[in-house]
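Chains as they are written, first to last, in our numbering: chain D, 70 to 565; chain X, 70 to 565.
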């Protein structure tokens, strides 16, 4: 015994010694009330200092794996309830076996079925991947993030590490309220809830608004953000998709649908840099949409996605600003795409009474959002890093955006392009090009992208569309990748 | 105009100038195409440097709030869609008003009704409060936490700030798998999901196991953790409570309930330092409970709550270790009470197929848990800080535990005490003492605690019980506070 102990470099030696002995005890290799080798002996056996062994024995005693008899030495404690320590297993009857798959409800099964991360193709090494619309981590100003953390820890480290509030970290809420006010939002009667990113905020809002006696009914742009579609479906909503035009959702089609007299529980809209089409809804359409929603009394969930990533043109107010004192828009914002997705922080700005309910749901689900994440974000904003970073990110992404656009125009001349900013472009190819087939052909050539059909509401829609995320692709790969896509598209067209 | 600009100390001046002007534009005080004062002029008006104004104007242009005409100056951009900028409000029809309260479903309403944070008494300044069972932040080793963050950021800062995996941060998962193995758990066929604390893990598990065609049915200890009760209720479970005995749940009563032939979807159990009673389930009971669950095929959700805060006695294996190779126990762990509640990290260790489903639900709900939180925790563990901290915390809490116990024995001699460790004691007073009345009387004397009835399943149970959390109360206040509770209890008894 004790021959197989091996030190590895990355952890304190005393902990490695303790865990090694603990494991022997747990496995039953060391029996209850057996005397452990003296610290001097063990030190020789494991080739570690005697002080290390003394500390490891003490720690084992603290944790109840050993006990000391003064003047005699350390002994192994009886391991109660361990199946291994009590023979091959507890008597067979205690081996509780459950058929979990059979117990999964529709929600759990659908969550797997709709989980594109589990079905998607993974980019292997060396492949050129246009599937990501996450930011390029090489732009991250790590020094500023570190400083934000250290600054905040110095100010109130103890507060950050203890329980926070379900509603969110107060300084951050105040900051973001002012931030939204500076976008033209009338804050009267409104309040804010901090969530773990956009997704949690959206899911919480849906869970409160889902009707009980019937399926929910939602309106949204078609195509739209697939995570939003997934969550609407998981919460049982019927989805009525309205086609997109170059300046945003078709208000004509929207009115047609609203006129039919159906009850809609909500509309989910992404007016700026819409995912996947990248389209910015025009100011006129924003007014027209809000008029229709008011006329038919349909609440709006506004996705503030990428609003900060505009590369040119005048500032356009979000729908919640257009609504003035109206309380009917739930705005969900996040800096995930602009700043750091790893910081899971989003915010829901909405009517105060509604936020009160969402706050209680948030508390029931996860107590509160990481205070460290919230406080880093707050201090980073307060230190003035955000403006500086966004300026740098815009310059870099704008360049990539223009390069991607130029390459598409050169290599995919038949494709219709949309995308006014953000981190991706959306392509509509000629009707007879199936982008799933195109993807299969491109994958063989080492290039992948996101087929567009997954953003559409009905199966079989958008089969000739695709999304190109360019944020994490190097310039030369953008050109090379799009050339491959163009070549394969021509082959497909010629083969028909 | 420009007279009311005031600098405040904590933010970069250029951002303050930019936001000030932006606000004037948003509010319509500066009109579209109006020329802004020259940078020289504005510098004089606001009493800031000309370079600051130049930078602020540039930033306004970047954000689309202004535009420059070379050689002429900066002009206000047209604010599209802003209600304020277009007069008192957009035409009235666009002021979408929603009666949110009327639209809240049963889930949202219940979340508020069951939200004790919204109903509880708040400890005002100067009051002695025994309501918290959060750790004492004065024990936090902030230096070690800072070092863990800096170490990890240096190793892979870019990875930490970009998207992570729904399942969790891989190094942390590997660490915690080994940690659980060292508690005697057989890992074969098992997998782990990282969640935002215990609560999210529990809620996700319930949402997957909740049956569709009928109400769910759950067994749990009575009393038990009120957040767990809340989530079971919110997910529509009928709860069958089994009374507690000094060595844990009554196996006799448990068997009686199971024998009735009802279907139970799960049992929720806290075998160690049970909340609120503080009782540790004996090894014999652990085996007996697992035998019963196996016999009746009831899955177990084990709450690993405070398992690390044992002050004496031998190590006792968790139920998931007792189950050996059985896959029927879902173990949910967290270091929130032992380490830092602000780090929202918990883990679900369970059957691999089940974890696959829970992972997809986690992804649908919140993408993933804060990578910063996970990586700080990982590096803190790896650096060997955990053992050191737990040793210090145990010593401190054990002292407070013994003090609290001694004070209760002195001032509340008629109370039955339970609590073998952890951060609180549970008191059962004579039948005729109503602890809600007692709380009212004590509040007037500046002392508050948690009435015990909220931990019981049926209304009207446990009316003579209370929980004393001592972790954040100073020694002298423990003594003083319990003396007050004792005095008021005697008054109440004498008044009857």
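For each residue, glycine too, the CB sits at the ideal point set by N, CA and C.
Closest option to residue 89(D), judged by alpha-carbon separation, among 101(D), 103(D), 74(D): 74(D).
Between the region 448 to 458 of chain D and the region 210 to 217 of chain D there are three or more inter-stretch CB-CB distances shorter than 8 Å, so the stretches are counted as touching. Remark: fewer than three beta-carbon pairs, one from each stretch, lie closer than 8 Å, so the region 512 to 526 of chain D and the region 457 to 465 of chain D are not flagged as touching. Less than 8 Å separates the beta-carbon of residue 348(D) from that of residue 489(D).
Listed in chain order, the non-local C-beta contacts of residue 86(D) below 7 Å within the same chain comprise 115, 117, 121, 122, 125, local neighbours out to five positions each way being set aside.
In the three-state DSSP reduction, residue 306(D) falls in the strand class (E or B). Contact annotation for residue 229(D) against chain X: 411 [CB-CB distance below 7 Å, chain order]. Taking 8 Å as the threshold, the shortest C-beta distance from residue 299(X) to chain D falls below it.
Taking the Cα of residue 169(D) as reference, the smallest distance to any Cα among 440(X), 399(X), 511(X) is reached at 399(X). In terms of beta-carbon proximity, residue 343(X) stays away from the interface with chain D, with every pair separated by 8 Å or more. Distance between residue 445(D) and residue 229(D), taken at the CA atoms: about 10 Å.
Cβ-Cβ separation between residue 314(D) and residue 175(X): approximately 39 Å, too far for a contact (criterion under 8 Å). Judged by beta-carbon spacing, residue 266(D) lies within the 8 Å limit of residue 436(X), meaning their Cβ atoms are closer than that value. Under the Cβ distance rule, residue 222(D) counts among the residues neighbouring chain X, one pair being separated by less than 8 Å. Residue 199(D) is outside the set of residues whose beta carbon lies under 8 Å from a beta carbon in chain X.
For residue 430(D), the enclosing alpha helix (DSSP H) has its first and last residue at 421 to 435.
Positions of the beta strand (DSSP E) runs, each at least 3 residues long and wholly inside the region 298 to 371 of chain D, are given as 306 to 314, 335 to 338 in order along the chain. Burial is judged here by how many other beta carbons sit within 10 angstroms of a residue's own beta carbon; residue 536(X) has at least 16 and is buried. Residue 186(X) carries a helical assignment under DSSP once its states are collapsed to helix, strand and coil.
For residue 144(X), the enclosing beta strand (DSSP E) has its first and last residue at 142 to 145. For the 8 Å CB-CB criterion, residue 430(X) and residue 180(X) do not form a contact. Classified as buried, residue 146(D) has 16 or more neighbouring CB atoms from the shown chains inside 10 Å of its CB. If the five residues before and after residue 402(D) are omitted, its C-beta is found closer than 6 Å to the C-beta atoms of 373, 416, all from its own chain and listed in chain order. Chain D has a Cβ within less than 8 Å of the Cβ of residue 251(X). Chain-order list of chain D residues neighbouring residue 143(X): empty, with the shortest C-beta distance near 13 Å, by a criterion of under 8 Å. Listed in chain order, the beta strand (DSSP E) elements of length 3 or more contained wholly in the region 371 to 419 of chain D are 398 to 403.
If the five residues before and after residue 506(D) are omitted, its C-beta is found closer than 7 Å to the C-beta atoms of 561, all from its own chain and listed in chain order.
Put simply, the backbone Cα of residue 556(X) is about 39 Å away from that of residue 238(D). In this chain, the beta strand (DSSP E) harbouring residue 259(X) covers 259 to 264. For residue 530(X), no alpha helix (DSSP H) encloses it, and the DSSP letter there is neither H nor E.
Rounded to the nearest angstrom, the gap between the Cα atoms of residue 342(D) and residue 420(D) is 25 Å. Residue 295(X) has a beta carbon lying at 8 Å or more from every beta carbon in chain D. In the structure shown, the three-state DSSP call for residue 115(X) is helix. Assignment of residue 563(X) by DSSP, reduced to helix, strand and coil, places it in the helix class. With respect to residue 487(D), residue 533(D) sits apart: the two C-beta atoms are not nearer than 8 Å.
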